[in-house]
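K.L.:
Numbering of the sequence shown is given in this note's numbering, commencing with residue 211 and proceeding in unit increments. The structure is given below, and queries will be raised subsequently.
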Amino acid sequence: MRKIRMGMVGGGQGAFIGAVHRIAAQLDNEIELVCGAFSSDAGRSLESGKALYLEPTRCYSNYQQMFTREKQLPADKRMDMVVIVTPNHLHFPAAKLALESGFHVMSDKPATLTLKEALELEAIIKQSSLLYGLSHTYTGYPMVKEAKSRIASGALGKIKKVVVEYPQGWLASKDDEQSKQAAWRLDPAQSGISCCMGDIGVHAANLAEYITGLEITALCASLTSNVQGRCLDDDGTVLLRFNNNAHGVLIASQICVGEENNLRIRVYGEHASLDWSQLEPNSLLMKFPDQASQLIRSGVGELAPATTATLRTPAGHPEGYLEAFANLYRAFAYQLRSRLDGDSSHTGTEENHLDVPGIYQAVRGMAFIENVVAASQSDLKWHTFSLQPNEGLSIAPRGEKHV
């Protein structure tokens with residue numbers, strides 16, 4: 211028995227999401243960081259590694275060097291997996307080389323820069339038989355899993371309507387573009403064909419499909435840029451159709467002044483509805499047409515096994531974003547450990563309730579981004595959700611410009 215050894219690509223000093231991944235990965239004492247290529251700048255990568263108390267010889271100048279040298283290390287020292295936390299344009303090449311080098315991969319979302327890359331990545335994963343995880347963090351919340359379980363049990367009846375929204379306000383003005391996090395998200399070369407939908411809209415779409423168990427089959431979209439000079443969207447509204455004929459609305463925005471990370475989903479069925487918000491993540495509200503609403507709280511009463519498996523503290527002790535993130539890493543660790551150890555105890559009943567998004571969600575996520583952008587650029591109203599790459603999409607300003 212030993213900890214799973216993890217390397218990191220990106221996530222150096224000044225990067226927000228890298229620290230989140232490191233905290234989440236190590237929360238359950240299953241994984242330890244042993245090496246990294248933390249920056250495209252060799253000096254900064256070394257300094258970032260030193261700040262994390264890593265051996266200087268395992269702080270690499272780039273991910274190519276890291277994979278080459280880690281492969282040459284003895285089996286009892288080299289990393290087992292790598293987490294990729296770079297801007298979007300590096301997700302695919304880093305994941306591809308990692309898999310070809312024999313390392314399991316956990317990647318920040320979106321999985322790639324384009325749907326074409328995601329499909330190529332899918333083929334590489336199938337050929338390699340290695341594990342691939344994607345950090346759709348919100349699927350790790352216990353009350354999200356409770357909502358999913360109740361819908362799957364038929365408690366709501368047939369789903370009729372899904373409303374999911376993710377408003378933020380951190381890119382509301384021109385001055386907000388000065389941060390490192392904003393700069394690459396608004397750059398098509400690093401971010402891809404979408405800023406808002408690629409950054410948070412894809413989370414909302416994933417959450418809608420995850421909780422309901424349905425798939426988006428058609429959509430109608432309007433994306434806009436609200437700050438002068440931006441060529442990528444910072445706001446958008448999408449009408450959805452699902453494969454059971456339910457309808458939905460998806461709203462994602464980064465220019466809603468005063469909003470934090472106000473992700474919320476409401477699912478309406480024939481017999482009842484569910485309402486969950488990330489700002490109150492330990493609560494799930496269930497409503498009925500002919501009886502009082504029910505407030506379901508994490509850790510209280512009888513909950514689904516998948517919910518219980520992701521709870522860490524007794525009722526009344528709030529759990530949030532970091533714990534949800536850690537649930538993905540714990541699930542990934544159980545899957546990986548069962549391969550490393552050949553130990554069936556790591557695939558027992560409780561662990562089987564710990565799922566982690568993978569290449570299926572990666573492909574659908576990239577397809578969602580391309581379908582939404584294509585629909586927004588078209589004069590047609592409804593567009594069939596396609597898993598075929600659309601390489602004819604242009605990068606152009608959208609919507610009216612504020613002067």
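Note that beta-carbon positions come from the ideal geometry of N, C-alpha and C, so glycine has one too. Quick caveat, the model's predicted, so the values are computed rather than measured.
Give the straight-line distance between the Cα atoms of F498 and A482, rounded to the nearest whole angstrom.
P.N.:
Computed Cα separation, rounded: 5 Å.
K.L.:
Suppose only complete runs of 3+ residues qualify. What are the beta strand (DSSP E) ranges in the stretch 491–561, listed by chain order?
P.N.:
Whole beta strand (DSSP E) segments, 3+ residues: 493–497 and 504–507.
K.L.:
In terms of residue numbering, what span does the beta strand (DSSP E) encompassing Y273 cover?
P.N.:
Careful: Y273 lies outside any beta strand (DSSP E), inside the alpha helix (DSSP H) at Y273 to Q282.
K.L.:
P377 by DSSP, collapsed to three states: which one?
P.N.:
Note: P377 maps to strand in three-state DSSP.
K.L.:
Between the stretch 345–364 and the stretch 420–428, do three or more beta carbon pairs fall short of 8 Å?
P.N.:
Touching, yes, given that three or more Cβ pairs across the two stretches are closer than 8 Å.
K.L.:
Going along the chain, which residues of its own chain have a beta-carbon closer than 7 Å to the beta-carbon of F302, five neighbours each way excluded?
P.N.:
Around F302: T322, L323, E327 and L331.
K.L.:
With a threshold of 7 Å on Cβ separation, who are the neighbours of R395 within its own chain once the five nearest residues in sequence on each side are excluded?
P.N.:
These residues qualify, in order along the chain: S401, C405 and D409.
K.L.:
In its own chain, which residues sit with a C-beta less than 8 Å from the C-beta of S586, not counting the 5 before and 5 after it?
P.N.:
Cβ neighbours of S586 beyond the five flanking positions: A431, S432, L433, D443, G446 and R608.
K.L.:
Do the stretch 260–276 and the stretch 531–550 touch if we need at least three Cβ pairs shorter than 8 Å?
P.N.:
They do not touch, by the three-pair rule.
K.L.:
Which of the three DSSP states, helix, strand or coil, is assigned to R254?
P.N.:
The answer is helix: DSSP assigns R254 an H, G or I state.
K.L.:
Please classify Y570: is it buried, with 16 or more other beta-carbons within 10 angstroms of its beta-carbon, or exposed?
P.N.:
With fewer than 16 Cβ atoms within 10 Å of its Cβ, Y570 is classed as exposed.
K.L.:
Could you tell me which of R451, I426 and A399 sits nearest to C441, measuring between CA atoms?
P.N.:
That would be A399, whose Cα lies nearest to the Cα of C441.
K.L.:
List the endpoints of the continuous alpha helix (DSSP H) containing T422.
P.N.:
Per DSSP, T422 belongs to the alpha helix (DSSP H) from V412 to T422.
K.L.:
Could you give the distance in angstroms between the alpha-carbon of A305 and the alpha-carbon of Q488?
P.N.:
About 29 Å.
K.L.:
If L538 and I214 are in contact, beta carbons under 8 Å, what's the gap, nearest whole angstrom?
P.N.:
Their Cβ separation, rounded to whole angstroms, is 14 Å, which puts L538 and I214 out of contact at 8 Å.
K.L.:
Where does the unbroken beta strand (DSSP E) through W486 begin, and where does it stop?
P.N.:
Element bounds for W486: S483 to S487.
K.L.:
With DSSP as the reference, label G220 as helix, strand or coil.
P.N.:
In this structure, G220 counts as strand in the three-state DSSP scheme.
K.L.:
Out of R288, L597, S493 and V244, which has the shortest C-alpha to C-alpha gap to R476?
P.N.:
The shortest C-alpha separation from R476 is found at S493.
K.L.:
Are the CB atoms of L283 and V315 nearer to each other than 9 Å?
P.N.:
No, the pair does not count as a contact, with Cβ atoms beyond the cut-off.
K.L.:
Taking 8 Å as the cut-off, is the beta-carbon of D397 closer than that to any non-hydrogen atom of the ligand ZN?
P.N.:
Here there are no bound small molecules, and the ligand ZN is not part of this structure.
K.L.:
Under three-state DSSP, which class holds G602?
P.N.:
Coil, per DSSP.
K.L.:
Going by the CB atoms, is the gap between P567 and L325 shorter than 9 Å?
P.N.:
Their beta carbons are not under 9 Å apart, which means L325 does not touch P567 by this criterion.
K.L.:
For L495 and V583, what's the separation of their Cα atoms in angstroms?
P.N.:
So the alpha carbons of these two residues sit roughly 33 Å apart.
K.L.:
Report yes if the C-beta distance between A189 and G343 is below 9 Å; otherwise report no.
P.N.:
Only positions 211 to 613 of the chain appear in this structure, which leaves residue 189 out of reach.
K.L.:
With DSSP collapsed to three states, give me the class of S596.
P.N.:
Residue state, collapsed to three classes: coil.
K.L.:
Tell me whether M316 sits in a helix, a strand or coil according to DSSP, three-state version.
P.N.:
In the structure shown, M316 sits in a strand (DSSP, three-state: E or B).
K.L.:
Between which two residues does the alpha helix (DSSP H) containing M576 stretch?
P.N.:
It spans I569 to S586 - the alpha helix (DSSP H) in which M576 sits, taken as one unbroken run.
K.L.:
What span of residues does the beta strand (DSSP E) with V354 cover, start to end?
P.N.:
Not the beta strand (DSSP E): V354 falls in the alpha helix (DSSP H), residues P352 to A362.
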